[in-house]
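Undergrad:
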Amino acid sequence: MFLFKGLESHPRSFVKAVSWRTVGSIDTFVLGLFFSGSAKLAGAIAGTEVITKILLFYFHERAWSLVRWGHRTEEEVAEAPAPVAAA
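Numbering-wise (the UniProt record's numbering), the sequence shown opens with residue 1 and increments by one.
1. Tell me whether T52 is buried or exposed, calling it buried when 16 or more other Cβ atoms sit within 10 Å of its Cβ.
2. Would you mind working out which of A80, E61 and E76 sits nearest E8, comparing C-alpha positions?
3. What is the rounded straight-line gap between the Cα of residue 88 and the Cα of W69?
4. State buried or exposed for G32, treating a residue as buried only when at least 16 other CB atoms are found within 10 Å of its CB.
5. Tell me the rounded alpha-carbon separation between G24 and V15.
6. Is any heavy atom of the ligand SAH found at a distance shorter than 7 Å from the C-beta of T52?
7. If you draw a straight line from the alpha carbon of A44 to that of W64, how long is it in whole angstroms?
8. Using three-state DSSP, classify E8 as helix, strand or coil.
9. As an exercise, report each continuous alpha helix (DSSP H) stretch of at least 4 residues that is fully enclosed by the UniProt domain "DUF2061" (15–65), in chain order.
See the structure below:
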């Protein structure tokens, strides 16, 4: 099952989801307040969407962990030349 593969741990994916949703929920609240003029309605919208979007983001991240495109192996990373410092 796709939830058990990938280089990123489940706790890391979850913490990333929560931090991103905090930013997103603040944005949703501000937009809800701007368009409705009601802090109560904006809070209800932001409070509801935070739960659904954390779950959606978590599953989205876990699904992307299966996609090999743009993902280097540990050997490729070890063989890559060291970056050159800017002068």
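Don't be surprised by glycine CBs; every beta carbon is placed ideally from N, CA and C.
TA: Quick look at the numbers:
1. Within the sequence shown, the letter at position 52 stands for residue 52. That one is exposed.
2. Position 8 of the sequence shown, counted from the start, is the residue given in the question as residue 8. Among A80, E61 and E76, the Cα nearest to that of E8 is on E61.
3. Limits of the chain in this structure are 1 at one end and 87 at the other, which puts residue 88 out of reach.
4. By one-based count along the sequence shown, residue 32 stands at place 32. The residue in question, G32, is buried, as its Cβ has 16 or more Cβ neighbours within 10 Å.
5. Working through the sequence shown from its first residue, we reach residue 24 at position 24. Working through the sequence shown from its first residue, we reach residue 15 at position 15. Their backbone Cα atoms lie some 14 Å apart in a straight line.
6. The ligand SAH is absent from the structure shown, which contains no ligands of any kind.
7. Mapped onto the sequence shown, residue 44 falls at position 44. Mapped onto the sequence shown, residue 64 falls at position 64. When rounded, the distance between both Cα atoms is 30 Å.
8. The residue labelled residue 8 in the question sits at position 8 within the sequence shown. DSSP, reduced to helix, strand and coil, places E8 outside both helices and strands of the structure shown, so it counts as coil.
9. 39–64
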